[in-house]
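Peer 1: So the protein sequences, as listed, match chains A and B.
Sequential numbering of the first sequence, starting at 9, is according to the working numbering.
Sequential numbering of the second sequence, starting at 39, is according to the working numbering.
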Amino acid sequence: MSSGVSAVNIKKNFGDNEVLKDINLDVKEGELVSILGSSGCGKTTLLRIVAGLEYASSGDVYFGNELQNNISVEKRSIAMVFQKALLFPNMTIAENIAFSLRAKGEKVENLKKRVDEMLELVRLPGFSNRRPGELSGGQEQRVSLARSLIRNPKVLLLDEPLSALDANLRVEMRTFIREIHDNFKMTTLFVTHDQEEAMAISDRIAFMDSGVLEQLGVPESFVSAPESAKVGKFFGCKNLLEGKLQNGKFTIKGLELNTEEHLTRSRVIAAIRQEDLSLSEIGVPDSFAAQIIDWQFVGSRVLVRCDVIADGGGPTVFVEVDRFEDLSRSAKIFIKYSPRRIHLITSKDSN
Amino acid sequence: MKFNLRIPIIVLFLLYLFVPFISIIFWSIARGWRFPELLPTSYSLRAFEIAIDPSGDIVQGVITSTLIALVVGVSATLIGSFAGRAIAMHNFRLKKSFQFLVLAPLIVPGLAVTMGIQILFIRYGLVDTVLGVCLAHLIPTVPYVVMIMTGTFANFDRAYEEQGQVLGASRLTVVRKVTIPMVIPGLSVSFLFAFVISWSEYILTLLVGGGSIKTLPLVLFSFLRGSDLPLVGAASIVFMIPPLILLRFTSKYLVGRSSSMTGLGSV
């Protein structure tokens with residue numbers, strides 16, 4: 009049986025340092041939510057509070073309807089996998105996996121069979137009698153996962169379990185984690201600093217910055233509709249232009265863009281993804297004139313930096329194009345945009 | 039041919055270590071051994087017969103010494119482990135002062151301290167008791183345990199304990215099944231040091247035990263004051279046996295991969 013997880017008004021101070029500032033996070037039963045953010049944003053602290061390894065300065069943690077605040081870590085129906093596999097070096101792989109069942113000191117039926125099933129599940133059959141040191145990093149992490157899953161936890165907590173692995177293995181393992189999650193229909197909280205990882209496996213992402221939950225939503229929303237400039241920036245949006253909104257027209261330093269809004273605001277940020285812009289030789293509707301400054305290769309694509317041509321100098325705009333096509337420095341070109349793809353951030357955000 | 043210095047150096051070193059030992063063996067079985075003779079002219083096992091007499095001083099000394107050294111070994115390891123863990127894994131106020139205080143008995147001259155201890159122990163009725171001697175022996179032993187265990191715990195990742203907890207194990211189970219197995223090299227070496235130091239302690243035992251707690255070193259010294267050198271030899275041999283037995287079981291932690299002295303037990 010799995011259950012949802014709710015963190016309600018969680019605050020955490022370490023001395024004078026406010027690590028978590030009033031976090032509210034609701035994870036539905038059977039959902040996989042990533043807590044994403046750069047190091048020091050408080051994501052691991054939040055996970056540790058849910059686990060019970062750390063206590064919140066104030067606020068409540070619920071699993072389903074059960075308040076967890078006064079339940080100590082070993083009594084919570086969780087399993088947690090850390091960045092390091094942390095296999096106990098004095099035990100064999102089988103003993104490691106059986107640890108949680110034996111820890112209670114009761115006799116366990118079919119222990120060997122259950123351990124073997126778990127090894128089968130993580131695709132390491134026959135590893136029972138090996139020792140932790142004999143395994144590769146990926147194998148160790150899979151044993152660690154098996155060791156957690158044998159408990160049948162209601163909530164699975166993963167604290168950057170893949171960041172110690174090399175790149176290819178990471179991709180393989182994250183798919184594997186998603187499969188396991190779907191198999192067990194568990195509620196999973198997955199802490200990561202890697203936005204690609206979060207995008208790839210999450211039902212929803214909770215993005216944190218400086219102890220604040222900045223945005224909670226499906227992965228797509230972070231790309232198409234960032235709620236703050238911080239989120240836009242973290243998810244790689246190169247054009248975050250601060251300007252005015254007049255009857256749905258966005259203006260900044262002599263540049264005027266059509267949007268689908270009909271509002272007026274004195275301060276607004278337009279988030280325009282570089283891949284939603286394109287270069288054009290001639291002026292067409294919904295385009296503006298600019299001058300190419302330089303470019304760089306981003307994987308197989310090219311990121312072109314342009315200055316908008318306007319009186320007194322326009323803003324700098326980045327355009328990502330498919331291929332390197334006859335670009336030349338200082339060339340005058342037109343940048344075509346789509347009003348539909350201009351996302352306006354009107355919130356309190358000041359960055 | 040190139041002259042290899044290594045072998046002569048090793049031989050000299052071994053001679054330096056073992057010649058006194060060899061002479062003790064000869065003394066213990068000599069019937070008489072006068073100056074110009076290279077080896078004793080006649081032998082006898084008389085000294086060992088006296089040594090293994092169950093009611094004799096040596097056997098009684100061994101019993102007392104073993105009892106005290108075991109109690110001291112266990113207590114010092116326990117106390118020192120807590121202190122070492124605190125120093126290695128936690129930050130607290132006056133930590134530096136605490137570290138200094140813990141190690142101070144190694145620096146301050148023992149005899150001076152012992153006088154003070156004796157006065158204190160007389161006041162609390164601890165002189166002439168086994169308990170008093172054990173307490174006194176903790177003074178020179180705990181610092182060594184703290185040093186060893188600080189190193190051991192500095193290399194111990196607390197995350198292993200958290201991993202145990204999130205797998206449903208209570209604090210006690212975690213200590214029993216996770217922590218202790220991982221720091222066992224440090225614990226073994228600590229026990230060895232504490233045992234051996236307590237085993238060979240003389241001055242503290244003499245002053246606090248007041249001569250009525252006769253550990254083996256006290257027995258040995260009283261023989262030395264007499265002139266029965268074969269008996270001194272036999273007592274010395276008996277004196278060396280328990281530490282050697284202990285060393286046999288802990289030596290794997292003193293050197294090599296799982297050493298708690300150099301790599302400090304980073305498992």
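Glycine residues also receive a C-beta, built at the ideal position from the N, C-alpha and C atoms.
Remember, predicted model here, so these are calculated numbers, not experimental data.
Any beta carbon of chain A sitting closer than 8 Å to that of T211/B?
Peer 2: So, interface residue.
Peer 1: Assuming L263/A and P323/A form a contact by the criterion Cβ under 8 Å, report the distance between their Cβ atoms to the nearest whole angstrom.
Peer 2: That pair is a contact at about 6 Å.
Peer 1: Would you mind telling me which residues of chain A sit closer than 8 Å to S119/B, beta carbon to beta carbon, in chain order?
Peer 2: Those do not exist, as S119/B stays about 17 Å from chain A at its closest Cβ, beyond 8 Å.
Peer 1: Mind checking which residues open and close the beta strand (DSSP E) that includes D24/A?
Peer 2: Unbroken run through D24/A: none, as it is neither H nor E.
Peer 1: Please go through the same chain and pick out, in chain order, the residues whose beta-carbon is closer than 7 Å to the beta-carbon of I90/B, but skip the five residues on each side of it.
Peer 2: Taken in chain order, the residues that qualify are V97.
Peer 1: In chain B, which residues lie with their C-beta within 7 Å of the C-beta of L94/A?
Peer 2: Chain B residues near L94/A: A197, Y198, Q201.
Peer 1: Between which two residues does the alpha helix (DSSP H) containing F96/A stretch?
Peer 2: Run containing F96/A: none; DSSP gives neither H nor E here.
Peer 1: When the Cα atoms are used, what is the spatial distance from I18/A to D284/A?
Peer 2: Their Cα atoms are separated by approximately 38 Å.
Peer 1: Assuming F231/B and V183/B form a contact by the criterion Cβ under 8 Å, report the distance between their Cβ atoms to the nearest whole angstrom.
Peer 2: With a Cβ gap of about 7 Å, F231/B and V183/B count as contacting.
Peer 1: Quick one: what does DSSP say E37/A is sitting in, helix, strand or coil?
Peer 2: DSSP places E37/A in coil when its eight states are reduced to three.
Peer 1: Strictly below 7 Å CB to CB, what residues from chain A border L225/B?
Peer 2: Correct list: empty, because the minimum Cβ distance to chain A is about 13 Å.
Peer 1: Return the residues of the stretch 98-128 of chain A that lie within a Cβ-Cβ distance of less than 9 Å from chain B, sorted by chain order.
Peer 2: So the close ones are N98, M99, F107, S108, L109, R110, A111, K112, G113.
Peer 1: 8 Å is my cut-off, CB to CB: does Y291/B come that close to chain A?
Peer 2: Judged by the 8 Å Cβ criterion, Y291/B is not in contact with chain A.
Peer 1: Residue range of the alpha helix (DSSP H) that F191/B falls in?
Peer 2: Here the alpha helix (DSSP H) through F191/B covers 168-192.
Peer 1: Strictly under 8 Å for the Cβ-Cβ distance: is V216/B near chain A by that measure?
Peer 2: For V216/B, the answer is yes, since a Cβ of chain A falls inside 8 Å of its Cβ.
Peer 1: In chain A, which residues lie less than 8 Å from G206/B when you measure between Cβ atoms?
Peer 2: Per Cβ cutoff of 8 Å: E82, K83, S108, A111, K112, R159.
Peer 1: Please state whether DSSP places V329/A in a helix, a strand or coil.
Peer 2: In the structure shown, V329/A sits in a strand (DSSP, three-state: E or B).
Peer 1: Is P219/B close to chain A? Criterion is C-beta to C-beta, closer than 8 Å.
Peer 2: Judged by the 8 Å Cβ criterion, P219/B is in contact with chain A.
Peer 1: If I follow the unbroken beta strand (DSSP E) through Q223/A, where does it start and stop?
Peer 2: Run containing Q223/A: 220-225, per the beta strand (DSSP E) assignment.
Peer 1: Along the chain, where does the alpha helix (DSSP H) containing D95/B start, and where does it finish?
Peer 2: Unbroken alpha helix (DSSP H) run through D95/B: 95-127.
Peer 1: Within the same chain, show all residues whose beta-carbon is closer than 6 Å to that of G247/B, passing over the 5 residues directly before and after it, in chain order.
Peer 2: So the qualifying residues of the chain are V171.
Peer 1: For H351/A, name the three-state secondary structure that DSSP assigns.
Peer 2: H351/A: strand per DSSP, three-state reduction.
Peer 1: What residues match up with G16/A in a beta bridge as DSSP calls it?
Peer 2: First, the amino acid is wrong: residue 16/A is Val here, not Gly. In the DSSP output, where bridge partners are listed per residue, V16/A has D68/A.
Peer 1: Figure out for me which residue from G99/B, I106/B, F56/B, F194/B has the closest Cα to the Cα of F261/B.
Peer 2: Nearest C-alpha to F261/B: G99/B.
Peer 1: Pull up the distance between the alpha-carbon of N137/A and that of I62/B, whole angstroms please.
Peer 2: Going by the C-alpha atoms only, they are around 50 Å apart.
Peer 1: Look at the alpha carbon of E180/A and the alpha carbon of Q147/A, and state the distance between them as a whole number of angstroms.
Peer 2: Straight-line Cα distance between these residues: approximately 12 Å.
Peer 1: Using a 10 Å radius around the Cβ and a threshold of 16 neighbouring Cβ atoms, would you call D217/A buried or exposed?
Peer 2: D217/A is buried by the Cβ-count criterion.
Peer 1: Counting C-beta neighbours from all protein chains within 10 Å, is the total for K20/A 16 or more, i.e. buried, or is it exposed?
Peer 2: So K20/A counts as buried.
Peer 1: Using only alpha-carbon positions, find the residue among K261/A, D202/A, R155/A, I300/A that is nearest to S47/A.
Peer 2: Cα-wise, what sits closest to S47/A is D202/A.
Peer 1: Just checking, does the stretch 266-275 of chain A make contact with the stretch 300-319 of chain A on the three C-beta pairs under 8 Å criterion?
Peer 2: No, they do not touch.
Peer 1: Between the beta-carbon of V41/A and the beta-carbon of L197/A, is there less than 8 Å?
Peer 2: Contact: yes.
Peer 1: Taking 8 Å as the CB-CB cut-off, is L61/A touching chain B?
Peer 2: Closer than 8 Å to some Cβ of chain B, the Cβ of L61/A qualifies, so yes.
Peer 1: Would M207/A pass as an interface residue toward chain B - the criterion being a Cβ-Cβ separation below 8 Å?
Peer 2: M207/A does not count as touching chain B.
Peer 1: Using C-beta distances below 6 Å, list every residue in its chain close to L204/B, excluding the 5 sequence neighbours before and after it, in chain order.
Peer 2: It should be pointed out that residue 204/B corresponds to Val in this sequence rather than to Leu. Closer than 6 Å at the Cβ level, and outside the excluded window around V204/B, lies no residue.
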